[in-house]
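Following: one structure in structure tokens, then a few remarks.
4 protein chains.
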Amino acid sequence: MTRVAIVGASGYTGGELLRLLATHRGVQVTVATSREHVGRPVHYVHFNLRGVYRDLRFSKLDTDLISERADAVFLSLPHGVSMKYVPAFLEVGMKVIDLSADFRLKNPQAYRYWYGFEHPYPDLLRKAVYGMPELRRSELRDAQLIAVPGCNATASILALLPLARGGVGDLSFVVIDVKAGSSEAGSKPSLPDHHPEREGSVRPYSAEGHRHVAEVEQELGAVTGSEISVSLTPHAVPCVRGVLATAYVRASGEVGAKDLMKAYALTYGREPFVRLVRNSPHKYPNPKYVIGSNFADVSFAVEERLGVIKSFSAIDNLVKGAAGQAVQAFNISAGFPEGEGLKFPPLKPV
Amino acid sequence: MTRVAIVGASGYTGGELLRLLATHRGVQVTVATSREHVGRPVHYVHFNLRGVYRDLRFSKLDTDLISERADAVFLSLPHGVSMKYVPAFLEVGMKVIDLSADFRLKNPQAYRYWYGFEHPYPDLLRKAVYGMPELRRSELRDAQLIAVPGCNATASILALLPLARGGVGDLSFVVIDVKAGSSEAGSKPSLPDHHPEREGSVRPYSAEGHRHVAEVEQELGAVTGSEISVSLTPHAVPCVRGVLATAYVRASGEVGAKDLMKAYALTYGREPFVRLVRNSPHKYPNPKYVIGSNFADVSFAVEERLGVIKSFSAIDNLVKGAAGQAVQAFNISAGFPEGEGLKFPPLKPV
Amino acid sequence: MTRVAIVGASGYTGGELLRLLATHRGVQVTVATSREHVGRPVHYVHFNLRGVYRDLRFSKLDTDLISERADAVFLSLPHGVSMKYVPAFLEVGMKVIDLSADFRLKNPQAYRYWYGFEHPYPDLLRKAVYGMPELRRSELRDAQLIAVPGCNATASILALLPLARGGVGDLSFVVIDVKAGSSEAGSKPSLPDHHPEREGSVRPYSAEGHRHVAEVEQELGAVTGSEISVSLTPHAVPCVRGVLATAYVRASGEVGAKDLMKAYALTYGREPFVRLVRNSPHKYPNPKYVIGSNFADVSFAVEERLGVIKSFSAIDNLVKGAAGQAVQAFNISAGFPEGEGLKFPPLKPV
Amino acid sequence: MTRVAIVGASGYTGGELLRLLATHRGVQVTVATSREHVGRPVHYVHFNLRGVYRDLRFSKLDTDLISERADAVFLSLPHGVSMKYVPAFLEVGMKVIDLSADFRLKNPQAYRYWYGFEHPYPDLLRKAVYGMPELRRSELRDAQLIAVPGCNATASILALLPLARGGVGDLSFVVIDVKAGSSEAGSKPSLPDHHPEREGSVRPYSAEGHRHVAEVEQELGAVTGSEISVSLTPHAVPCVRGVLATAYVRASGEVGAKDLMKAYALTYGREPFVRLVRNSPHKYPNPKYVIGSNFADVSFAVEERLGVIKSFSAIDNLVKGAAGQAVQAFNISAGFPEGEGLKFPPLKPV
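As they're listed, the protein sequences go chains Y, D, A and G.
Numbered according to the working numbering, the first sequence terminates at residue 364, and the numbering increases by one at each position without gaps.
Numbered according to the working numbering, the second sequence terminates at residue 364, and the numbering increases by one at each position without gaps.
Numbered according to the working numbering, the third sequence terminates at residue 364, and the numbering increases by one at each position without gaps.
Numbered according to the working numbering, the fourth sequence terminates at residue 364, and the numbering increases by one at each position without gaps.
What follows is the structure in structure tokens.
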């Protein structure tokens, strides 16, 4: 059994790691840290896990203790905080799966522009592998430091990847309109996410530039080999889980549904967690039908009158957009079957 | 024009008073206080009111200023805070409409038991009129101090009043199961009302005794002339506005739907804001169909096999359960038409 | 008093017309038709209106009777059905406010392309005035036939109008991403809008071309005097009321927030029902805060890195997106104050 | 591998059986019937299951074929329909798990009273075992015909069982107030469950007597050995999954929280799927935190002022209230580990 620590285990993503790893047959969670809840059983915070983890209690974040008790560590900490702990874990040879943005970008300058700080470990940026199996499966094998993608970035990249690979769309300028559920904002109460304010809301935010753009431009640019400009606007919508990305791209010449079907099939035909839903009754994805699972549902439309391709991707932001993708990438890097701990089908209806 | 001040105008009830009084033809709101938002236009907080109040800005709570600028004052302050300001307003002859619980109960002991403090103004408890027109319309005429009922109490009393007046149910022991929307908890963010936690929730609270019981027992006891015991359990449900009270009462002898119809018609036949919905397709009320209005919808069922009467009442907690009832009681006390400022029909669907 | 008939009064838009006209001081609703509910009081269907219309009952659609009993008629019928009745009403000199798409487009060919039928009354297309006061206020005065805009079109045009008038964006190609509540689909139950399926959903539809595009291209093209291409994709989101349009436009040269602020102020500074919310805490509109009202909230963002302008508009689809705009246009055409029957502030929270 | 057929597999309960059995290591689903969708893959209806069942398609209900291809059959058919097929399956020696009400009641008269028909197979009523493991685990071993309890009955019985066993409450008269999500109404669209009508609703129904009462009175009466009267009122609330039962009982003498804690611990201490949540931060259960799982969360409150006990139980209506409990009972009867196929933890938040 691989012993696993979860740092920052009292938030939504931490709870989701606990939920998924509870069913992982090769792993035992030995440490779960929380500043606020030290000493309490994990189900004190994660009511859903009562009866699932009988003895696991939250502990302080103590890197020495963690390196003694665990072989791998998942960090679910805020941006800028994660990087303070990662080097120590790497040094003692642990596998590190970081769910923050701290190691996603290759270019240290990008941290200055998008996150407003000077990155202290440019060498680790080179070492880190961007943890999206659909993009970097081979690099993930034996990776020691995995930078798990952001949820909006995951949805965006999965929508556009077949276009990037298939060369059917002009990615020099892409509009992405994202709709995201309230769990994306985390477990800390705030006025915009107070139930009376959030329920029934449809609200754009970060419309002058959203940070996940940096990842999307970096990763898709690496695929096409040319510069990609992405204008991404997230919108808060009144569901709890789920992200839908709608990407708008000008077609490269005459492109029809058949060409796109081929591009999607080529890219995702063998992917265990991406489902093309073009032939479902709805034709387009809906995050509702992936809730609780690591699936990403993708599809597309062509508006021939205008030469516009629309590509869609729906994920559960806490699973394929965070904890699930982290486990999937970890599995690859640690030699487990890729789907271990990720087998449960989505719920419907929910 | 009667000049009106609203103290505590940045919360949900304060906002609702602003919304309703904006359409009141005999009133001008001259003062709106808020600790946090002094100097800001009211629409800075109440986005809905942009373009409705063009010049009104939040000011500090200054009793002298208020008594200069207003003839009547609505207080929307927490329990225990309201009572600090009420005497000063009464002294200068202002009409006071208090939306807290501070003057609802007649018996000072009850404050010790239910609210945990010694009431400093027992004489004012005698002076105050419980602001439910269906119970105390004649006392409200010329009342100087009005204690606006609690929202759960309003729904509960309106459900049971026909039984109390008609003598058809045994009110010596009543079970009331209340379902309430998230706006009842107020505008301050909290973990239980954080959208990801509240959405999809059905959660009992205060199950060992809810304070509104004191009002219900007092007011219904005054109707029947005998002691009434009420076990009331509120449940948080995932809507924003609305309270449904379901009251369970043993029938007094053989009681059928006809007897109840008569009792309800006698009690509410001429009430401008109570609607008996027994003959609607749904037979029972649903707060959804009173949203935004001062209506209370009521109905009943008889389970003849068991001799059980169920009485139902649905209100918008922020209107008939707070600001609307306050305006209705104020109108009566100030000689305005009872429905002034309360004319707008509910929304459907919403 | 102007006597008004509502044809198709049992649906959501019909109910909304009844709600708004109940508070209109110059109008009396004398006829409300419904195929399914003949003889029943209007509150049998519209529970919210119990106690609002005491005597009004649904009747059959009988054009003779309507022309006897009413001076003006609002038609809330499906596309293709409305046009069967409109000529008869016009002939007897009635004012006709049609909420279907049947008279919105000027070009008869467009009906063939977008709606799949040959328009039988091309002359009436010329006579009809597109009922958006912000675009065509002067033509609406004395208009006999008003074609009320579609809800998605209304939101889209209101978002983009300042750009079209101000010449600050390149409208030769516009992407519009619309998010709409479930009431947009009407009152007839269907599987996609069954509560267990719709709640929690985020679902694109009509992604290969949505009919409202025809109106948007026609009306904005008339403003700019040049051809406009619009790619519009609606998304079902899990609220009941509300439409948010997010429009993406390339800037014409260097355009900053100041330029846009000026363009919006010029276009909407004197509009009674459009509110620029750029200086609110949220900066961008949210349909939640216009619910129940005829307001449209608008704002914008500039992504300077990319030269992209995003313009936003939020409306209540049943009010400014249908019944409210119909009443506003009717008021102008009939010489009533423009805001009559439309005075009630939005609800918050709701 | 036990070969399993699901009859009526296109509804919500059928879909849930497919979801759960997909992870059951001792079972293979070989048949899934549907009248409407013959020939289509199961994921055509159950979008969530795309990629989970690759080859399974809906077939007609053909008892011969089913008895050839399956060893056990789960029936998810309407009341009164199930009984037409059950005898044939029993005759050929198959194990039958019936999710309808057709075999839940022991007394044939009760079918006349509650369901309005004469039961054609009174002998099978004797043979059938009521499929609630917490009540009838030993009888379930080797049972051939299992009658899976109703969802409201399951929640009600689980709330009250400790009181019945512990003798701490007076069960001669019990009030049960149930709140249920929209999935309880099934997958067929209807006006009351149309999203615009159901969202935001709190609506009592069947208030003159709900059929599940018959099961509750039968099963709890069997525990106490005396007659039990239950007044049960369900309320539609606006979540998708989940049932909360709140039961109100007069205490038998002086009963405190300690006594109740003991009674609950004795009844549920070793139950694998019942969790006592009294010591959680919320104290009371919330169906939100069991969603997707077979857990039932239970708790209680004592209102000592009145001698009233309130007992609470929260389940996922489609899992512990239907498909999950069916699988749990099946596992016991077939000799599988009781939790097989039911291991996945609930989601939070969802």
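Ideal placement from N, C-alpha and C gives every residue a C-beta, glycine not left out.
Here the structure is a predicted model, which is why all the values come from computation and not from measurement.
request  = Would you identify the three-state DSSP class for Y278(G), choosing helix, strand or coil?
outcome  = helix
ask   = Is the distance from the Cβ of V227(D) to the Cβ of L246(D) below 8 Å?
value = yes
message = Could you check whether the segment 92-105 of chain A touches the segment 31-43 of chain A, counting it as contact only if at least three pairs of C-beta atoms, one from each stretch, sit closer than 8 Å?
response = no
Helix, strand or coil at I305(D) according to DSSP, with G and I counted as helix = coil
task = Name, going along the chain, the residues of the segment 183-197 of chain Y whose beta-carbon falls closer than 7 Å to a beta-carbon of chain A.
result = V189, D191, K193
query = Is Q42(A) helix, strand or coil by DSSP?
reply = strand
Which of helix, strand or coil DSSP assigns to E211(G) = helix
ask   = So what's E222(D) in DSSP terms, helix, strand or just coil?
value = coil
task = Can you check DSSP and say which residues form a bridge with G183(Y)?
result = A265(Y)
key: Nearest-angstrom Cα separation, counted from Q339(G) out to G235(G)   = 21 Å
inquiry  = Please list, in chain order, the chain D residues whose beta carbon lies closer than 8 Å to that of P359(A).
reply    = R33, A36, T37, N62, L63, V66
task = Give the range of the beta strand (DSSP E) segment to which I20(D) is assigned.
result = 16-21
Residues that DSSP places opposite E241(G) in a beta bridge = For E241(G), which the question treats as bridged, DSSP gives no partner whatsoever.
key: Exposure label - F365(Y); buried when at least 16 CB within 10 Å   = Chain Y is shown from 15 up to 364; residue 365(Y) falls before or after that span and cannot be answered.
inquiry  = With DSSP as the reference, identify every bridge partner of P55(D), one or two as the case may be.
reply    = R71(D)
ask   = Are the segment 42-62 of chain Y and the segment 72-85 of chain Y touching, with three or more C-beta to C-beta distances below 8 Å?
value = yes
ask   = Mind checking whether Y298(Y) and A167(A) have CB atoms under 8 Å apart?
value = no
ask   = What residues from chain Y crowd round T247(A), counting only those whose CB sits closer than 7 Å?
value = T260, K324
inquiry  = Within a Cβ cutoff of 7 Å, which residues of the same chain sit near G25(Y), ignoring the five residues on either side of it in sequence?
reply    = S90, G200, S201
task = Taking a Cβ distance cut-off of 7 Å, strictly less, list which residues of the segment 86-109 of chain A are near chain D, in chain order.
result = none
task = Under 8 Å by Cβ, that's how I've got M97(G) and Y135(G) pegged, so tell me the actual separation to the nearest angstrom.
result = 6 Å
request  = Look at the Cβ atom of D85(A), then the Cβ atom of K109(A), and state whether they are nearer than 8 Å.
outcome  = yes
inquiry  = Assuming A259(G) and F326(G) are in contact, meaning their beta carbons sit under 8 Å apart, how far apart are those beta carbons, in whole angstroms?
reply    = 7 Å
request  = For chain B, find out if any of its Cβ atoms is closer than 8 Å to the Cβ of A221(Y); answer yes or no.
outcome  = The structure shown contains no chain B; the protein chains it does contain are Y, D, A and G.
request  = Report the three-state DSSP secondary structure of L258(Y) (helix, strand or coil).
outcome  = strand
key: Residue from P252(Y), G239(Y), R151(Y), E231(Y) whose Cα sits closest to the Cα of K193(Y)   = P252(Y)
task = Keeping to the same chain, check which residues put their C-beta closer than 7 Å to that of L139(A); ignore five residues upstream and five downstream.
result = F117, L119, K120, P122, H133
query = Counting only runs that start and end within the segment 76-134 of chain G, where is the beta strand (DSSP E) found for 3 or more residues in a row?
reply = 86-89, 109-112
ask   = To the nearest whole angstrom, what separates the beta carbons of V63(A) and V52(A), a pair I think is in contact under 8 Å?
value = The question names Val, yet the displayed sequence has Leu at residue 63(A). Not confirmed; about 17 Å, so no contact.
message = Is the separation between the beta-carbon of L175(G) and that of E148(G) shorter than 8 Å?
response = yes
request  = With DSSP as the reference, please indicate the residues paired to K357(Y) in a beta bridge.
outcome  = None; K357(Y) has no bridge partner.
request  = Starting from L246(A), follow its DSSP beta bridges and name the residues at the other end.
outcome  = I190(A)
query = What's the C-alpha gap between V312(G) and A336(G)?
reply = 18 Å
request  = Confirm, please, whether the CB-CB distance from S307(A) to V333(A) is below 8 Å.
outcome  = yes
request  = Could you name the residues of the same chain whose beta carbon sits closer than 7 Å to that of R17(A), not counting the 5 residues immediately before and after it, in chain order?
outcome  = Q42, T44, R83, A84, D85
query = Is Y144(D) helix, strand or coil by DSSP?
reply = strand
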